[in-house]
Structures are given as C-alpha cells and as structure tokens.
Amino acid sequence: MTGIGRRLRRRPPKYSAAALAWRGMRGDYWPRVWRDTELKSSYDAVVVGGGVHGLATAYYLARNHGITNVAVVDKAYLGSGASGRNTAIVRANYLTPEGVAFYDRSLQLYNSMALDLNINVMMSERGHLTLAHNDSSLRTMNWRAEVNKLQGVNSSVIGPDEIKKIAPALDTSSHPRYPILGALYHPPGGIVRHDAVVWGYARAADYMGVEMHQKTEVLDILCEGGNGPDGKGPGGKVVGVRTNRGDISTPVVVNCTAGWAGLISAMAGVRLPITTHPLQAAVTEPVKVFLPTVVVSGSLHVYISQTDRGELVFGAAVDPVATYSIRGSLEFTEELAGHVLELMPGISRMRLLRQWSGLCDMTPDYSPVMGFTPVDGFLVDVGWGTYGFKAAPVSGEQMAEAVATGRTPKLIAPFALSRFDSGELVGEKGAASVGH
Amino acid sequence: MLLVPCPNCGPRNSADLRYGGESHARPDPATATPQQWRGYLYLRDNPAGWLRETWYCRSGCRRWFTLERNTATNEFRTPPMPGDKRGGKA
Amino acid sequence: MAESPAFESPVVRSYESSSGGPLMLTDASATTKWLVRAETGGAAADRMDAPFGSSRTAGGGAFVMGSRPGEWIVTGPADAVAEVVAGLDGVDSSEFVTALDWTHGRALFLVTGTDAPRMLEKVCSLDWSDAMTPNGAVASASVAKVTCDIARYDGDSAPTYMIFCDRSFGQYLFDALIDAGDEFGLAVGLPNG
Amino acid sequence: MTMSRLGPQPTEVLDRSTKLRFRWNGKRFDGFEGDTIASALAAAGEHVFSRSMKYHRPRGILTADYWDPNLMVQVGDDPNVRAGNRLLEAGMDVRAQNVWPSLHRDIKAANSLFGRFLTAGFYYKTFMRPAWLWPTYERVLATFAPGGKIDLDTPHRYHDKRYTHPDVVVAGAGPAGIEAALAAAAAGARVLLVEHEHAVGGHLRYSSSDSDQAVLAELRAALDASEVEVLTNSTVTGRYEDNWLGIVQRNHPIAVERLIKARAKVLVAAPGLIERPYVFSGNDRPGVITSGAARRLINLWGVKPGERAVVFTANSEGDAAAADLDRVGVEIAAIIDGREGKRVSSAQGSSRALGAVVAGGNRIEADLLVVAAGWTAPTSLLNMAGDRPVHDPATARFFPSDPPGNVLATGGLAGDGTLDELRAHGAATGRLAAQRAAAVAHRLQAMTARARPVDGDEPAWAPDERTPLGRDPHPELYRSDTHGMVDFSEDVGSKDLVAAAHEGYDSVELAKRYTTSTMGPSQGKLETVNTVAAIAEARGETIAQVGTTVWRPPYAPLTLGALAGRVFEPVRVSSIHPWHEANGVSTIIAGQWMRPDHYGDPAAEVRNVRTNVGLIDVTPLGKLDLRGPDIPKLLNLLYTNKWSKLPVGKVRYGMMCAEDGVVLDDGVTGRLGEDHYLMTTTSSGAGGVWEWVENWLQTERPDWKVHVTPVTTAYVSINVAGPKARELVGRVTEGVDLSPDAFPYMEVRLATVAGVDGCFMWRIGFTGELSFEIHAPSGHGLHVWEALMDAGQDLGVGPFGLEGQRIMRLEKGHFIVGQDTDGLTLGPSTGLSPLIKLDKDDFAGMPELAWAADRSLPMIVAIQPDDPNVVPDEASQIVRGNTNEILGRITSARMSPTLGRSICLGQVEPELAAGGTKVTVLLTSGERVSATVMDHHAHFDPAGERLRG
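Chains as they are written, first to last, in the numbering used here: chain U, 6 to 441; chain F, 115 to 204; chain D, 695 to 887; chain Z, 18 to 966.
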C-alpha cells in the first residue's frame with residue numbers, strides 16, 4: 006500500500022477538456038485511475054493476467070453480466086506484458102470467415118471504445134496496406150479481400166499506382182529485389198494507443214467494483230477431482246488460486262496470460278498446443294510525419310507505422326528459437342533495417358532509437374485457444390501469437406459471456422482447445438507468418 | 115546472437131542453424147490413437163527451464179542433433195562458455 | 695573435366711583482370727571437384743585422412759578437404775583427383791562409400807593476400823585468426839548470405855582461401871566479394887584451372 | 018547569454034588555420050576545423066538551437082556533447098543530427114528542427130501559455146467528443162511531432178559491416194578504459210578499444226590541469242605504440258547473448274556508418290559518467306549549462322560560454338569549471354555550493370536568455386548558470402548483460418551489482434578515486450579481462466573442429482581480485498524547492514511526474530509510459546535518475562525502493578543504413594540465363610531464382626509447343642542425387658505411394674505429405690542405376706525437402722544406407738516439349754534409341770547430348786506434350802540449350818517461359834503445391850487417393866491420411882466458367898447461390914490458347930466435387946457467374962495420348 010491517492014469507490018471524475026481546464030486552473034491532482042486494495046480471500050472469478058485481455062474480460066463480466074466480485078491478478082504492473090510491447094495495430098482483414106467475423110467485432114469495439122470507457126485511446130483509423138511482392142502473395146491478398154468482402158469488411162487489392170498515392174515513401178519502381186506488385190488495402194485498419202486501452206479498461210472495471218491486484222503472482226491453481234496429481238487435470242474442477250499474497254478461493258479462473266499461458270495452464274493440469282517465442286519490435290527517432298498508413302510486408306517479415314509523435318514503429322515475425330528470455334537481438338534490427346530499406350530506401354538516415362521484445366504463445370494454426378477446458382471452471386484465452394492486441398475487446402466480451410453463461414459463444418467456437426484432438430485446425434496458417 | 119554448441123563444428127552463431135523445436139518421440143504409426151498422434155503433432159511441454167530440442171546446422175556440418183537448453187536463460191547444458199550468465203528479462 | 699565443349703564458368707560478366715596484386719580474387723570454378731562420403735572412423739575415412747575441419751594435399755596436386763563429418767571434397771587436377779577417388783576402390787566392400795563428380799554443381803573462387811582475412815570478415819562471421827582458422831582449416835559458413843565450403847590453403851606466401859558455393863549463386867557471390875575487397879584494392883585474377 | 022570565441026587554448030582541438038564556411042538556417046557562418054556544429058555556432062554568438070517539443074520553448078546548449086537533447090539539428094537530408102557531437106564540415110546546410118515558421122519566431126510557443134492544461138497524458142482525457150472530429154485532432158497533434166524531415170529521395174549510400182572476434186572489447190577510452198586496453202594487450206590479448214567521442218582521453222581531454230594533460234599525452238603515446246585497435250567516434254551500441262556486441266563506427270573512410278559485430282570474449286564497460294541536470298524552475302532556459310559543457314566549450318573549442326556566471330557546484334568538476342571560467346575572464350557572480358546544502362531555486366530572464374539566478378532567496382544577475390549536480394552512471398551495457406544495478410544514496414548514483422563474469426566495469430561506473438587510482442583499476446581490469454579471455458579462447462579453440470589444436474589445459478577462470486575503487490560522497494541533488502524540467506526532449510517536468518504518481522501511475526514503468534519521460538532521443542541518459550527521483554518523492558520512498566527503468570539497446574541511436582549495411586539478397590540464375598537475357602526474356606523472381614516468365618507472348622509460346630516444339634529452362638527444379646542400397650525404403654517413407662519395385666530406367670510420380678497429412682511437395686523420382694536414383698522436387702520446395710530428408714535419415718533411420726546430395730544446379734534442366742520434340746532431341750542425342758517403344762513415357766536414359774557426356778533425360782513433362790527433360794552438366798548447359806535451338810530452327814523451335822508452362826499445366830489439370838493446395842490441404846483432397854497406400858508399414862503422415870480417408874474433405878477439381886470468355890481472378894470465391902456462404906475458391910485460372918476458353922482449378926466443398934455440378938463463382942468485380950465442375954482435372958487431352966506419343 007502506498008500513501009497516496011487511496012479513495013473510496015465512487016464515480017470516477019469524467020475526462021473532458023472542461024475538466025482538464027478546471028483542474029489545470031486549480032492545480033488539482035486527478036484521483037487514482039484504479040484503487041489499490043487488499044486481496045480478499047474469495048472471489049466469484051479470478052482473471053490471471055492484467056493485460057488487455059484480462060482487463061477486458063473483467064470489464065465485460067461487470068458491465069455485460071453484472072459479475073463484479075472479480076479479481077484481476079498480475080505478477081508485475083498492469084500492461085507490463087505483451088499489452089505494452091505490441092505495435093498497436095488493429096485490423097480485421099483475416100483469411101478465414103471465422104477470423105474475419107471475430108476481428109471485425111473487435112474493430113467495432115475499438116471504434117466505440119473512447120466513448121465507452123471515457124478515455125481517448127487514440128484509435129487512428131489510418132488504413133492498412135499489406136504488400137505483395139510475388140504472384141503467390143498477391144493471390145493470398147486477393148483471397149483475403151474476397152473473404153473480407155463477403156463478411157462485409159472493407160478490403161480490396163490495389164495496384165502500385167494507388168499504393169504510391171497512399172504511401173509515397175514506398176518504392177514502387179520495378180527495380181527492387183522485392184517489387185511491389187500490389188497490396189491488400191484495408192481502410193478500417195489502424196493503430197491504437199495500447200497503454201490507454203489497458204488503463205481505460207482498468208479504470209472502467211475498477212469503477213464497477215472489479216479489483217486490480219498488481220505484483221500478485223499466481224503460484225498454483227487449486228483443483229479437486231481431476232485425474233492428475235493434486236486433483237488437477239481433466240475431470241476435475243477449480244477451487245482456488247495460490248498467490249504470493251495468499252490463497253484465494255474461487256470457482257472460476259480465466260487464464261488471460263501471454264508468454265506464460267502454458268505454465269499457468271499446467272498448474273491446472275491442462276496441456277496446450279503452444280510454444281513461446283519472443284517477438285521483437287523497435288522504434289526510431291521521431292521525424293516529421295510522412296507515412297500516413299500502416300504498411301506490412303509478409304515476404305519481408307516487417308510491419309511499419311508512424312506514430313503521431315513521428316517515430317516509426319517496426320515489428321517483425323517472432324524469433325525462430327523458442328525461449329522465455331526477452332533480451333532482444335542485434336540480428337533482429339539488422340534484418341529489419343534491411344527489409345525496411347527495401348521498401349523505403351529514402352529513410353536510411355533515420356536512426357533506430359530503441360528495441361524491445363515481448364513473449365508470444367504460438368499455436369500450430371496461428372489461431373488462439375479460447376473457452377472451456379477439460380478442467381471445470383478453468384477457462385483459457387491464450388495462444389494469441391502476434392494477434393493478441395487486435396483481439397482484446399472481443400475476446401474480453403466473449404470470454405465474459407462464456408464465464409457468465411457457461412456456454413461457448415458462437416464467435417469463439419472455432420477456437421476451442423478440442424480442435425487439436427479432432428485435427429480440425431483453423432485455416433489462418435495460410436495467411437502467412439506475418440499478418441500484421 | 116546466441117552461440118549454439120554444435121557437436122561437430124563447435125560453437126556457431128544461431129543464425130547458422132535451423133531450430134527444430136522440442137524433441138519428442140514419434141509414436142508407432144501403426145498403433146497410435148488419434149489422441150496420441152495429435153499430441154505428438156501439436157502438444158508441447160514448453161517449459162520455462164531445461165528443454166531437449168533439435169537443431170540443424172544448416173550453414174555448417176548439415177547435421178541434425180539434440181541439445182539441452184534452459185529456455186529461461188538460454189544456457190546450454192554442455193558445454194557452457196566460461197563466465198557467461200545469460201538470458202532473462204529486458 | 696569433359697574436354698569438349700569448354701566448361702562455362704558461372705561468372706559470365708567480364709572484369710578487368712590482372713596477373714598479380716596484393717589481394718586477388720580468382721575464379722577457379724572449372725577445377726575438378728568430387729564429393730566423397732563414407733562412415734566416419736571407417737577404412738575409407740582413414741584413406742581420406744582428413745577429419746572434418748582439416749585438409750591435406752595428396753599426390754599430383756590434389757587437395758582433400760574434410761568438409762563435413764563423413765564427407766570430403768577432393769579437388770585439383772582431374773587425374774590427381776581421380777587417383778584419390780580410385781584409392782577408395784579397395785576398401786572393405788561392406789563399407790558404404792559413394793563418390794560423385796561435383797564439378798558442375800559448385801563454383802570455386804580463390805581469395806589470396808594478407809588482407810584476405812580483413813576482406814572476408816566483411817562478409818562472413820567466422821573468426822579468421824590463425825588460431826581459429828589455421829592453414830589447412832576447412833569450414834562451412836554463410837558468405838554474403840550464401841552457404842559456402844571454405845578451405846584455407848596458404849601457398850608459398852600469402853594466405854589463400856578457397857570458397858565453394860552452389861553454382862547458381864556464383865555470379866552473385868563473385869560480385870559481393872569484389873565489393874567487399876574494394877577498400878583493400880582487390881584485383882580480379884586471370885581465370886585459372 | 019553571450020558566447021564568443023576565446024584566444025587559442027592549450028588543450029583546444031581546433032585547427033584555427035582552416036576555416037569552414039557553413040549555413041545555419043540559411044545564414045552564412047564560419048567555424049574552424051575541429052569544431053562541432055554547436056561549438057562553431059556558439060562561438061559565433063548563437064544561443065538558441067531548438068524549440069522544445071510540446072511548449073516550443075527556446076533551448077540552448079545544455080551538455081555540449083552527443084547527449085545534449087537541445088542540439089538536434091537537420092544537416093542536409095540527415096535529420097536529428099547531434100550538433101554537440103557532429104564535426105563541422107565545409108558547406109554544411111544546418112537547420113533548426115521543430116520550428117515554425119522559424120527558430121526565433123515560433124508560433125507554437127503559445128503552447129507555453131497553456132502549459133498548465135497540457136499536463137502529462139492530457140490527450141487521453143480529451144478530444145473524445147465529437148468522435149468524428151478525432152481524425153482532425155489527430156492530424157493537428159501530428160504536426161507537433163518533433164524531429165527533422167525525411168527526404169524520400171535520399172539514396173541508401175554505401176554502408177557495410179564487419180565481423181570481428183577480439184579477446185577484449187573496451188567500451189570507453191577514458192583513462193581507465195585506455196589503461197584496461199593497454200594492460201590487456203600487454204598480456205597478449207587482441208583488444209578493440211571503442212570511444213564514443215572523436216578522440217581518446219575522456220575527461221582528461223577538457224581538463225586544463227598540466228598533470229592531466231601529461232597523463233593524456235603518455236596514454237596516447239602508449240596506445241600508439243601498442244597493438245590495440247582504436248575506434249573513435251564509435252559506440253558499443255549493445256551487448257547481446259554471449260557477448261555479441263554491436264558497434265557503430267561513424268567515421269569510417271568509405272562507409273557512411275559501419276556496423277561492427279564483435280564476438281568479444283570479455284567486455285570491459287568503461288563509459289564514464291554522464292552529468293545529470295538539476296531540476297528547478299527555468300532549468301531549461303538557454304544559459305543554464307552543465308559544468309562539463311562549460312569545460313568542453315572553453316578547453317576543447319575555445320568558446321567563452323558567458324560574461325557573468327553563477328556556478329552551482331556539488332563536486333570537484335563543478336569547482337574545476339568555476340576555475341576555468343575565471344581563468345578565461347568570465348566574471349563569477351556567485352558560487353553556490355551544493356555540498357553546503359545550498360540550492361538554486363530558479364533561473365529567470367527573457368524567453369531566450371538568462372538574466373538572473375535566484376538562490377537562497379537572493380537574485381543574482383548573470384547570463385550563465387553552470388550546474389554540477391552529480392552523475393548518472395550509464396549502466397546500459399551491464400543491464401543488457403542481465404545486471405540489475407543498485408542505487409547508492411551516499412554517492413547519489415547507481416553501481417553495478419552482479420554482472421556476468423565476462424563483463425567487467427571500470428572507471429566511473431565502478432567507483433571514484435584519484436586519477437592514479439582510476440588508472441590502476443583500469444589496468445587491473447585489463448589484466449583480469451585478458452586472463453578470462455584466454456580461458457574463453459582456449460575453450461572455443463578446443464571445441465572448434467577447424468581450429469588449431471590447443472596447447473595444454475584450459476586456463477583457470479581468474480578470480481576478481483581487483484582493489485575496488487572508493488566511492489566519494491555526493492549530496493543527493495535531484496530537485497530543488499521548485500519544479501522544473503526533467504525530460505528535456507519530451508518536455509516532461511517534475512510536476513508532471515508527481516501528478517502521474519498521484520493519479521496511480523506510480524511505478525516507474527507506468528509513469529514512464531504515461532508521461533513519456535525517458536522515451537525521447539536521449540533515452541534516459543540525462544533524465545532517468547531525475548524521473549525516478551520525482552516518483553520516489555511523490556511516493557515518499559527511496560530511489561532504491563522505486564527502482565529504475567530498463568536501459569534497452571541501442572546505447573546510442575544508429576542509422577537504419579548502418580544496420581542494413583550492404584543488403585545481401587542472393588539471387589540465383591541458371592547457366593542459360595545469359596541466353597534468356599539476350600533473347601528478350603521477361604524474368605520473374607521465384608524464391609531466390611531469376612526465372613524466364615516469358616519472351617513476349619506467352620500464348621504464342623503455348624501454341625508453338627502444342628504445334629511444334631518448345632524449350633523451357635527448368636533448372637530450379639529441385640534435384641537430389643540419392644545413392645545407396647536403402648533408397649526404396651527411404652522413398653517408401655517419404656512418398657505416399659510404393660517404390661519397392663521401380664526398375665532401373667523408370668521414373669515414377671510421388672506425393673509427399675507432412676506428419677499432419679498436409680501435402681508437402683511432389684515430383685518424380687527416377688532410378689538411374691542399381692543403387693542410384695535422382696529425386697526431383699518442386700523448385701520452391703527444394704531446400705526444405707532436402708532438410709526434411711536429412712532429418713528422417715539422421716534422426717529416425719540412421720542405420721539406412723543412403724547418401725543424399727543436392728545437385729539442383731549441378732545440372733541445367735531443359736524440357737523439350739511438343740509434337741516435334743522427338744525429332745529435335747534425336748538430332749543432337751547420341752547413344753539412345755528415342756523411339757516410343759525403346760524409350761516410352763516415364764522412363765529415363767543416360768545420353769550424350771550435343772557432344773556433352775553425362776546427360777540424362779527422362780520422358781516426362783508438365784505440359785502434357787511429348788516431352789524429353791534433359792539434365793545436362795551445368796558447365797555445358799548453355800551449349801546444350803544453344804545446340805537444341807540451332808538444331809530445331811526448321812522445326813519452329815522456340816523458348817517458352819513459366820507463364821506458358823503454367824497455362825499448359827492448367828490445361829492438363831496438374832495442381833501446384835502451395836497454389837492449388839494450402840496449409841490445410843490433406844493428401845486425399847488432391848484427388849490422388851489411389852497414390853496413398855495405406856497398406857504400407859509406415860510413411861510420413863500415414864495415420865492422419867488413414868483417418869482422412871473417412872472424412873469428407875474439400876476437393877481440388879477442374880472448373881470451367883459457363884461463359885468461356887470469363888477468366889475469374891485467382892482466389893475468386895465459390896459461393897452458395899446468391900448468399901455469402903463460401904463453398905470453395907478458384908485456385909488457378911487462365912485463358913487457354915489451346916481450347917480458346919477459360920479454364921480453372923479450384924477447391925470446393927465435397928458436396929460440389931462431382932463432375933457436372935453447377936457452381937456460382939463470385940468474381941472480384943462482385944459479379945456472380947455460373948461455372949461447371951469437370952469430370953477430369955485435365956481440360957485438354959484427358960487420356961494423355963499426346964504425352965505418350
């Protein structure tokens with residue numbers, strides 16, 4: 006507990022220009038965005054992982070279903086994992102109908118988020134270009150565009166001239182090793198201020214009674230009745246969570262972690278089709294804004310956007326070697342720079358300012374694992390690979406519905422863990438390794 | 115750049131190798147149940163600790179081999195470079 | 695080598711060439727190259743007498759490189775190479791030994807000069823120091839992003855590195871080496887072999 | 018503040034005989050060789066160099082070195098140049114950044130008035146309504162982006178890279194670093210000494226003490242006489258796994274910037290200390306500078322930093338700065354000693370210049386305030402090595418805690434002391450580094466196959482027996498009794514940080530994200546400790562309790578050009594490529610291969626093949642030479658069909674599936690001799706299949722006797738196709754009876770072609786025509802191709818490219834793995850179920866294929882649009898009637914020159930797979946057209962009479 010800013014639960018002061026001016030004049034501090042409370046011994050549900058997925062799940066449990074006796078626990082601070090390390094791109098231009106429908110719902114929720122949560126998440130609907138450098142990727146772009154259109158999602162394949170108009174920095178001449186033959190253009194795609202999403206969900210959930218517990222690490226999941234040791238495993242049910250701050254009894258645990266999904270699930274005796282790989286990203290020094298849209302190249306494993314602060318934000322494919330170490334590598338920045346300059350040779354004098362990485366839980370079919378597991382009361386919202394941020398609002402909404410109703414919502418049925426028993430995988434793997 | 119102790123070439127930059135992932139035994143295809151076979155295809159232990167895994171020395175000796183590596187620290191079981199303590203948070 | 699028609703090198707662009715200089719790059723792709731494979735530690739391996747990572751010279755100017763565990767590249771004048779390969783004929787028939795003519799599959803370039811290590815460290819991550827890559831050393835590594843077999847074979851004077859790559863990359867690699875050597879005054883040697 | 022040029026100084030780095038003329042914001046200025054951009058401008062009396070990011074406040078020199086956040090300028094097309102570090106060159110066009118319309122009249126400076134509302138994170142709390150206005154707000158906010166301008170026509174000038182494997186890398190060439198390098202080299206280590214500044218010497222360079230200068234001269238001489246490789250104006254930007262170091266060299270003679278990748282056996286971190294600004298009201302006003310800035314300006318560049326100075330000092334460097342100022346004639350209005358508990362409360366004046374300093378309630382007129390408030394230890398390289406430095410309040414800075422044994426710290430990072438003590442510590446560090454490096458080198462050499470055999474046993478790992486450096490007490494000076502600027506590049510003040518902490522963003526990482534403090538171009542070098550201190554103060558905790566942010570690579574920014582280097586993108590060509598280029602080829606990049614797509618008119622090429630004869634260069638076709646007695650077993654394992662009884666001289670088609678049953682590759686394999694086969698794979702699959710085969714042989718079946726050798730480019734592959742193919746091939750081939758009975762379809766022969774021995778040919782083809790695929794030794798490939806071209810003149814022979822082949826294979830209904838199949842296409846979906854032999858003992862993917870046999874799967878089928886002129890775009894969806902329900906897609910489509918109609922392959926749901934089924938194809942235009950599923954995959958010659966001819 007810290008000395009500052011404890012407050013009773015009450016309506017949070019609304020964010021607005023007028024309120025800013027009023028407080029600015031009086032020199033008042035704003036009250037805490039979320040409370041800092043004692044950990045209780047019992048909750049109706051415990052959400053593991055204080056990132057966008059966990060916080061969204063808690064928020065929608067409270068808002069849509071009135072379930073407010075909920076704790077979100079995180080071993081570090083809120084948004085410390087992948088939520089604060091991703092490149093903040095949102096889009097719905099997936100390959101499979103089930104993927105498109107799911108992410109389209111997410112995009113809708115992002116679009117209304119500022120007003121829903123009363124925080125400016127700076128949703129920048131700036132358009133999203135996925136470049137094709139060969140026939141085969143152009144074919145995939147067409148495929149995605151056609152499936153998108155059938156789902157009512159705005160996507161189309163455009164040619165080099167139109168690409169040049171949208172993003173003049175791209176080299177659309179014929180000489181590069183990776184010619185730009187066309188692109189999948191997805192106007193509703195864009196970027197969102199990822200930290201604001203974390204804080205917005207936390208603040209709104211806090212207002213409705215959900216508790217956020219930082220520096221609270223899950224050490225074990227307490228089960229009974231299962232066929233494994235300590236009552237864990239298939240056939241059993243969840244009865245509680247052991248943390249570094251004490252035991253909690255609860256009938257429902259939702260695993261919303263990324264990077265540690267396999268380890269948390271193993272605590273309940275559930276094995277997952279996941280390997281954990283670092284995903285690296287980097288940012289340049291700021292320059293005046295010249296890139297108005299998000300640019301992605303699957304063949305070159307790179308995605309690029311420019312923030313309103315003028316920095317270029319770069320991402321790539323996950324590192325090839327599975328590891329929980331997130332030191333980052335020099336070779337990542339070398340490859341990245343080489344690929345970026347293939348696309349935009351004019352920016353060779355920009356300087357790389359910072360690199361970082363986060364952990365991604367990769368599944369065999371590049372699709373998440375969501376919903377119920379063979380352990381009663383243990384739900385997962387994991388295996389997001391590199392797509393977690395885009396899916397946060399809809400995942401939270403759907404997971405909350407699953408918890409509240411005890412039934413798998415239709416939108417997430419294709420992502421059930423059981424598909425790896427039946428061999429009926431989701432077809433997103435066809436959309437190539439980098440889909441940002 | 116991780117140094118991978120190739121048993122044939124000696125320590126090599128990880129870029130010289132292909133990572134083959136967690137080692138796991140192939141079930142007998144004649145008798146495997148769907149659950150066993152799909153466990154072999156998809157399920158992984160993915161531990162944060164010691165892991166037996168396969169590598170292919172693509173730019174070097176072109177041999178597949180198995181090594182043990184700690185996925186939390188990226189340390190190889192044998193033989194570690196003297197004085198290096200690796201991996202971790204950033 | 696087939697006598698007729700003439701061997702076409704993978705290096706098809708023309709370069710100003712000279713017969714000597716402090717740092718030389720020479721296209722020797724036409725040189726005969728065979729690939730021999732046998733069990734490590736067997737009788738054939740004994741006869742090749744060049745464990746993985748090392749090399750030796752054989753009669754008639756043949757050069758035997760231990761290019762991988764149980765694999766050898768034999769290169770040099772065609773008849774000398776043939777003699778080395780023929781030397782395997784007598785081994786125990788139960789041992790599994792194969793040999794194939796790889797001349798057409800691989801380009802071969804020579805880099806010669808005291809600055810050769812400094813030039814090579816621009817395109818390859820190997821440690822070129824005398825302790826790690828002594829005369830006679832053999833390794834495989836990526837050179838300008840092409841996987842190559844490399845052998846160090848110092849002649850009478852300056853260090854010489856033999857670089858073998860897949861033939862189809864030959865022109866690309868030749869140009870990449872010229873680029874890397876430019877700051878050291880690299881000269882292109884007269885084609886030999 | 019009025020800066021001006023002094024007379025020559027004994028320590029200056031200027032060549033006053035060489036004047037350099039340059040432009041600053043369009044106006045002409047002069048400087049000297051040896052000046053930085055900033056020192057030249059300062060000497061010319063310029064004192065505003067930039068405007069701050071948010072409030073557009075005028076900013077002047079603060080630290081006068083690389084890290085100075087106020088000295089970012091544009092030089093030509095180079096944005097964000099550090100004017101405090103970049104050496105002046107004649108003709109430079111230097112401009113201020115982030116100003117509009119000009120540096121001195123900046124309209125956005127009005128933001129200062131609203132500063133109290135533009136608190137950290139204000140944008141999260143507003144601009145939400147009306148929602149439709151947000152994009153406009155966003156565009157306006159974007160105009161506030163700081164930094165220079167990109168010129169998109171900037172060429173990617175020459176960059177290159179270098180790998181190096183030194184025993185010891187020393188990062189930082191101050192006295193301790195130099196001693197470390199010298200001692201390590203003396204002990205026999207190969208040493209690379211990397212200095213961020215333009216010359217070695219560290220703080221000795223700008224010391225006016227004679228004894229310091231004597232030591233510097235001695236160290237320089239010793240370095241010159243040593244084997245140490247010295248890089249100046251270069252920075253160790255990162256320490257990665259296993260001491261893999263990134264080093265950027267900014268002064269390479271031929272590269273704009275060169276990236277050096279060093280595998281150091283031991284890294285010595287000796288970066289020195291960075292002087293920390295002090296937080297008080299007006300601390301960002303031009304005229305407030307650090308003590309180091311004052312000393313550099315005076316002693317390196319002969320610049321008098323002001324006329325009347327107040328010196329706030331808490332350490333000997335501040336005292337030395339006061340002495341330097343006094344010596345060059347700056348009037349010292351007051352010395353405020355921080356060690357006595359005295360503080361500076363505010364710096365006042367006009368918007369652009371200092372007028373007075375308020376301290377202890379007194380207002381002192383001055384145009385210069387020199388601040389020596391303490392140090393930040395740049396522990397970045399240690400952090401990157403996994404160390405978690407700890408804060409020592411008595412010394413008011415962080416110290417290393419427990420770095421790995423191959424990373425050693427010395428110099429100011431390790432402690433304080435006299436110059437002699439620092440030098441001695443450096444030397445001891447160098448000796449220790451050399452000893453440890455010897456152990457690592459021994460191990461590496463012993464493990465490496467190609468290396469020289471090692472002598473003796475591995476040296477023991479040397480214990481660290483260095484005498485630790487002392488720690489000089491230093492007052493904890495972070496913030497005065499007023500609020501001021503913490504992050505100069507981000508315009509974040511201490512007030513913002515306190516407010517953020519009160520709002521709940523009270524861990525360092527949350528506060529950093531919320532306020533953006535430490536996120537700007539200096540990445541915390543100046544502002545991290547003050548940020549942490551402000552949060553600690555708000556929380557009522559110590560700095561150690563609050564912790565620090567993580568220093569991430571790179572230590573100093575480096576250009577994308579340097580990181581990219583000379584971009585190596587290998588391309589492959591066949592031996593016939595010169596002919597293609599001379600004959601009007603249009604090439605296509607396929608993987609790394611440059612391949613002939615067509616020679617002007619692919620439809621004409623198709624017609625020529627169907628009526629006469631054509632040649633295609635299919636060299637990229639993957640080819641694996643297989644030798645050994647166990648090849649049939651191997652083929653049985655890799656392919657879904659059976660291989661035990663393939664006679665010598667025969668070839669057979671096979672399909673490979675992965676262990677999950679998904680189609681992996683396909684091709685033909687021929688038996689050339691008793692124990693000698695040639696396997697072909699798809700061009701794109703060649704590399705992957707080879708690794709896959711090696712994996713099976715090495716890990717699952719190590720006892721099998723098979724040797725696999727990739728021979729893809731040992732042979733050129735030429736497919737001769739068309740009704741006149743036999744005639745043409747016969748004209749150049751010796752030793753083979755080509756008659757249909759002697760050499761039927763799906764057989765292989767060794768042959769001499771155009772005088773070239775060692776060719777083999779087989780009768781297969783993707784086009785459906787009578788075909789001879791000739792594989793000739795690559796060194797004679799062009800010769801064989803030209804011989805065929807010459808010999809077939811009267812037959813109408815011509816080349817055809819990939820596009821023509823694609824059309825003809827589609828006419829024949831052959832699927833392409835990866836185009837007509839996808840990542841989930843199981844073997845039976847190809848329609849080749851008869852080739853999946855579930856009665857074999859084992860093969861890759863067998864269980865999944867067995868279970869798939871009972872499943873209802875999407876199928877690959879041939880489809881013809883009912884309107885023969887409609888060619889659907891590939892990837893057009895097949896839907897149910899007028900609904901949006903997807904039932905399949907077109908995977909390949911072309912206009913067939915042979916049939917004069919459009920033809921397709923597609924994947925459809927099983928319910929549509931039967932021949933004759935009518936389907937609805939949704940064209941990309943949105944139009945829905947009717948099409949028919951065909952009985953056979955082959956649109957043309959389904960009986961295959963032509964190819965058997």
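Glycine residues also receive a C-beta, built at the ideal position from the N, C-alpha and C atoms. All values reported here derive from a predicted model rather than from experimental measurement.
Check, Outcome
"With respect to the beta strand (DSSP E) encompassing residue 834 of chain D, which residues constitute its N-terminal and C-terminal limits?", "832-837"
"For residue 867 of chain Z, which three-state DSSP category applies?", "helix"
"So is residue 879 of chain D in contact with chain Z if we call contact Cβ pairs under 9 angstroms?", "no"
"So which residues of chain U does residue 156 of chain F contact, with C-beta pairs closer than 7 angstroms?", "278, 369 and 425"
"Can you give me, in chain order, the residues of the stretch 693-720 of chain Z that have a beta carbon less than 8 angstroms from any beta carbon in chain F?", "708, 711, 712, 715, 716 and 717"
"Going by beta carbon distance, what residues of the same chain come within less than 6 angstroms of residue 809 of chain D, once the five residues before and after it are set aside?", "717 and 878"
"Cβ of residue 287 of chain U less than 9 angstroms from any chain F Cβ?", "no"
"Using 9 angstroms as the threshold, is the C-beta distance between residue 397 of chain Z and residue 407 of chain Z below it?", "no"
"Looking at the C-beta of residue 695 of chain D, does it have a partner C-beta in chain F at a distance below 9 angstroms?", "Low local confidence applies: a pLDDT of 36 at residue 695 of chain D is under 50, so the model's placement there is unreliable, with the coordinate-based value given in what follows. It does not: the Cβ of residue 695 of chain D has no partner Cβ on chain F nearer than 9 angstroms."
"For residue 884 of chain D, does the count of other Cβ atoms within 10 angstroms reach 16, so buried, or fall short, so exposed?", "exposed"
"Output the distance between the C-alpha atoms of residue 415 of chain U and residue 108 of chain U, rounded to the nearest integer angstrom.", "14 angstroms"
"Say whether chain F places a C-beta atom closer than 9 angstroms to the C-beta of residue 836 of chain D.", "yes"
"Helix, strand or coil, according to DSSP, for residue 66 of chain Z in the structure here?", "coil"
"How about residue 747 of chain D: is its C-beta nearer than 9 angstroms to some C-beta of chain F?", "yes"
"Write down the C-beta distance between residue 903 of chain Z and residue 291 of chain U rounded to the nearest angstrom, noting that I regard them as a contact closer than 8 angstroms.", "Actually they are not in contact, since the Cβ atoms of residue 903 of chain Z and residue 291 of chain U sit about 44 angstroms apart, beyond 8 angstroms."
"Does DSSP put residue 583 of chain Z in a helix, in a strand, or in coil?", "coil"
"Can you list, in chain order, the residues of its chain with a C-beta nearer than 6 angstroms to that of residue 117 of chain U? Leave out the 5 residues immediately preceding and following it.", "none"
"To the nearest angstrom, how far is the alpha carbon of residue 128 of chain U from that of residue 394 of chain U?", "13 angstroms"
"For a test of the three-state rule: what should DSSP assign to residue 816 of chain D, helix, strand or coil?", "coil"
"Are the C-beta atoms of residue 349 of chain U and some chain Z residue less than 9 angstroms apart?", "yes"
"Out of Z/298, Z/297 and Z/337, which one is the CA nearest neighbour of residue 312 of chain Z?", "Z/337"
"Going along chain A, which residues have a C-beta under 8 angstroms from residue 595 of chain Z?", "Of the protein chains in the structure, U, F, D and Z, none is chain A."
"Nearest-angstrom Cα distance between residue 75 of chain Z and residue 100 of chain U?", "51 angstroms"
"How would you call residue 204 of chain F, buried or exposed, if buried means at least 16 neighbouring beta carbons within 10 angstroms?", "Summary for residue 204 of chain F: the model assigns pLDDT 37, below 50, so the residue's position carries little reliability; its value from the coordinates is reported in the next sentence. It counts as buried."
"What separation, rounded to the nearest whole angstrom, lies between the Cα atoms of residue 266 of chain U and residue 786 of chain Z?", "56 angstroms"
"Could you name the residues of chain F that residue 465 of chain Z contacts, counting a contact when the two beta carbons are closer than 8 angstroms?", "123, 124 and 125"
"Nearest CA to the CA of residue 330 of chain Z: which residue from Z/351, Z/315, Z/345 and Z/320?", "Z/351"
"How many whole angstroms separate the CB atoms of residue 580 of chain Z and residue 357 of chain U, which I take to be in contact at a CB cut-off of 8 angstroms?", "6 angstroms"
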